[in-house]
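Numbering (this note's numbering), first residue to last: 6 to 293. C-beta atoms are modelled at their ideal positions from N, C-alpha and C, and glycine is treated no differently. First the structure, in the form of structure tokens, and then the observations on it.
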Ligand code: 13P
């Protein structure tokens, strides 16, 4: 059964580790992430962007697929199904479809409007036992057509949103979605520290997990980050492995064209990437 992310993140923050949110795109992605979490006895959050939800034929299809896998694959570790960077309407649709967690990204609204919309969603999600992530300060880079500059959040605005009673808070600290450019200045730990000082127990969320050096990940966790989002890195691993298979001409050998064979190296590559991240984030063995 899907669970809210509240409990797993509270434990992660207290235990000084982070739970990974891995974004899904299709059946192979979902199965690879769930099986890896189960093998490593780690809690996990499946992220679905609005674009990926549309690609997978809608949120109800996603809920059906994930719930089916939890049962058929005997997944017993805590799993949250979470809308990533949702609009207000997107959140409402996912709440209705059976997600267990949503992110309302109001970072592009003036802070008053972000607060008003976040408050409405807190009331609705709380009643349903779901978790809610809010965002202050846009995350840089481009994701599903949403382009952010990578600004640093105002710690006082973070406190205003945290005090409303959200479950977890994403705050821009110079992080960027996708690959980091060569001239990237790194995460602003000064901003992160100031945010944690003001928000206390609130689990903080680090977006743009792809390509952040290990020492920065560890430092971010030590300063209150309890959820780290990874998307692009699984895509790159999948693409490289699939390219290797095709370039080696394996799809032309025997029944190598069978999608179950063609997609197998990419599936294994996602599993390896998720394992590496779970080990780095410290969530291995933390499922109960
Ligand atoms: P990356 O694609 O950079 O890993 O970012 C993922 C993310 O933050 C999803 O919200």
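Minimum Cα-Cα distance from residue 143 among the listed residues 120, 125, 114 and 130 corresponds to 114. At a cut-off of 6 Å, the beta-carbon of residue 247 does not count as near the ligand 13P: no heavy atom of the ligand is closer than that.
In this structure the stretch 174 to 183 touches the stretch 205 to 217; the number of beta carbon pairs closer than 8 Å is three or more. Ranked by Cα distance from residue 220, the options 184, 282, 60 and 206 are led by 282. Between the alpha carbons of residue 290 and residue 202 lies a gap of roughly 29 Å.
Boundaries cannot be given for residue 82, as no beta strand (DSSP E) includes it and DSSP labels it neither H nor E. For residue 13, the enclosing alpha helix (DSSP H) starts and ends at 11 to 20.
42 is the residue among 30, 24, 42 and 10 whose C-alpha sits nearest the C-alpha of residue 276. In this structure, residue 66 has its CB at a distance of at least 6 Å from all heavy atoms of the ligand 13P. Taking 3 residues as the minimum length, the beta strand (DSSP E) runs contained wholly in the stretch 143 to 224 are 146 to 148, 151 to 153, 173 to 176 and 209 to 211, in order along the chain. In the three-state reduction of the DSSP assignment, residue 258 falls in the coil class.
Two segments are said to touch when three or more pairs of C-beta atoms, one from each, lie closer than 8 Å; by this definition the stretch 193 to 202 touches the stretch 225 to 241. Here the distance from the Cβ of residue 30 to the nearest heavy atom of the ligand 13P is not below 6 Å.
In the DSSP annotation of this structure, the continuous segment of the beta strand (DSSP E) that includes residue 28 starts and ends at 24 to 28. Residue 238 counts as buried, since no fewer than 16 other beta carbons sit within 10 angstroms of its beta carbon. For residue 89, the distance from the CB to the nearest heavy atom of the ligand 13P is below 6 Å. If you draw a straight line from the Cα of residue 272 to the Cα of residue 117, it is about 43 Å long. The Cβ atoms of residue 64 and residue 73 lie no closer than 7 Å to each other.
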